[in-house]
Amino acid sequence: MGTQASLKAFNQAKELIPGGVNSPVRAFSSVGGSPLFITEGSGAYITDVDGNKYVDFVQSWGPLIFGHRDEAIESAVIEAVKHGLSFGAPTQAETDLASLVISMFDSIDKIRFVSSGTEAVMSAIRLARGFTGRDDIVKFTGCYHGHSDSLLVEAGSGAVTFGNPSSPGVPADFTKHTLLATYNDIESVKKCFADSKDIACVIIEPIAGNMGLVPADKEFLHELRKLCDENGTLLIFDEVMSGFRASINGAESITGVKPDLITLGKVIGGGMPVGAFGARAEIMAKLSPEGPVYQAGTLSGNPVAMAAGLAAISKLKKNAQVMSVLNARATRLVEGMQKEAEACKITMQIDTRGSMFGFFFNEKPVKNFADACNSNAELFAKFHSGMLKEGFYFACSLYETGFISTATTDEMIEDTITASARVFKAITNG
């Protein structure tokens, strides 16, 4: 399978775009080689500029739960475009999508649409600070909440809880109010509360998808909710990735834990750029123009994005049983690959939540980012390369989650498992 045209396109892009990509993970840096340049998507497949066709387990990093070019979503977008691309004024579609999302999330009374997940999280944290009158926030190592300054943080040295910037260009003053805790470790959160009495919010991916798929333990989340209540701190569930992917009713329906704010994205845009944050009415009343906390965006509630999202979520709500079908396929995929790996004396840790799946080449279960970092990155890179050659497109980082779409058939799952057997044998016979 030749990829010369993709390599040529990548070399050209590097002359004009930093690293040749507009989002770092796309550069294939952690798996070697160079990225494929895609020309088309259809159903469960993508096709690159060389004409190679792949079963796509990335699905645009999550939004395409019905696969590429779903007929209902495509029709809704085309119809919306006929009326205009953007107005900078309210449309009925915003209200319709808001009503639909609110009807599916018990914790949301009101919602505000934005244009990205990063924007949604940044705004939710500002709202939490405005509502509580406090400055500090707690986040968890390994949870990615977008690239806003206060969230690009790594752990400080020694016993220091407060984080240091993990990217040049982020002043230390911007992260001095960000405290770091360890995922699935309630004692580390208690340490944060001991270090600060000024914590506005705790933000967490209840189903982490940015260190690989690592769900939070239910008991941990219940303890986290209790700790926030005891300290007058808001709990934010970042469900930009897991919202409508792990469950159509949010992580609350899986864990039984009710957050104060929720951030959403990906699926609610049906493939168009979108984000949102919502909460109970009392909290959202602090948001401008009702309250003093300012947030705005020229393309927020864009009519084309709203049309795509409305089509996607409407279809999902009408076919709620599809989530169990997707989970069955996701489970069959990872269990099948795990069995083939074990036949080659390779240990895999696997998990699924709804249409999300994850796997690690790791001897031990993965409960946090440190565990994930102990996975065999070299083996993952070899597996990724081998599966690409077989015609299966997985996320190009061991710290990313995979996705099943409704277009992913049982036959495709079986073909993927069979191909993984060949790849594992090739790796071990090396």
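Residues in the sequence shown are numbered from 1 upward in steps of one, following UniProt numbering. Glycine included, C-beta positions come from ideal geometry on N, C-alpha and C. Here the structure is a predicted model, which means the values were calculated and not measured.
In this structure, Phe-359 is the residue among Gln-4, Phe-359, Glu-71 with its C-alpha nearest to the C-alpha of Gly-402. Put simply, the segment 112-127 touches the segment 296-303. At least three CB pairs are less than 8 Å apart.
DSSP places Thr-409 in no alpha helix (DSSP H); its state is neither H nor E. Comparing C-alpha distances from Ile-137 to each of Cys-201, Asn-22, Ile-262, Thr-47 shows the shortest one belongs to Cys-201. Runs of the beta strand (DSSP E) lying entirely within the segment 251-277, each at least 3 residues long, are 261-265 in chain order. If only complete runs of 3 or more residues are kept, the segment 215-250 shows the beta strand (DSSP E) at 234-239, in order along the chain.
By the criterion of a C-beta distance shorter than 6 Å, Val-214 is surrounded in its chain by Ala-208, Val-366, once the five residues flanking it on both sides are discounted. Sequence-distant Cβ neighbours of Asp-351 in its own chain, meaning closer than 6 Å and more than five residues away, are Leu-213, Gly-358.
Restricting attention to alpha helix (DSSP H) runs no shorter than 4 residues, the segment 104-183 encloses them at 117-132, 172-175, ordered along the chain. Taken in chain order, the complete alpha helix (DSSP H) segments of 4 residues or longer contained in the segment 320-346 are 322-343. For the pair Met-104 and Ala-9, the Cα-to-Cα distance works out to about 43 Å. Here DSSP, grouped into helix, strand and coil, assigns Ile-199 to strand. One thing to note: Ser-355 has its Cβ within 8 Å of the Cβ of Leu-326. Here Val-55 is buried, its C-beta having at least 16 other C-beta atoms within 10 Å. Within the same chain, Cβ atoms closer than 7 Å to the Cβ of Gly-88 are found at Thr-298, the five residues on either side in sequence being excluded. For Pro-259, the closest alpha carbon among the candidates Ala-330, Leu-379, Ile-108 is that of Ile-108. DSSP links Tyr-54 through a beta bridge to Ile-46.
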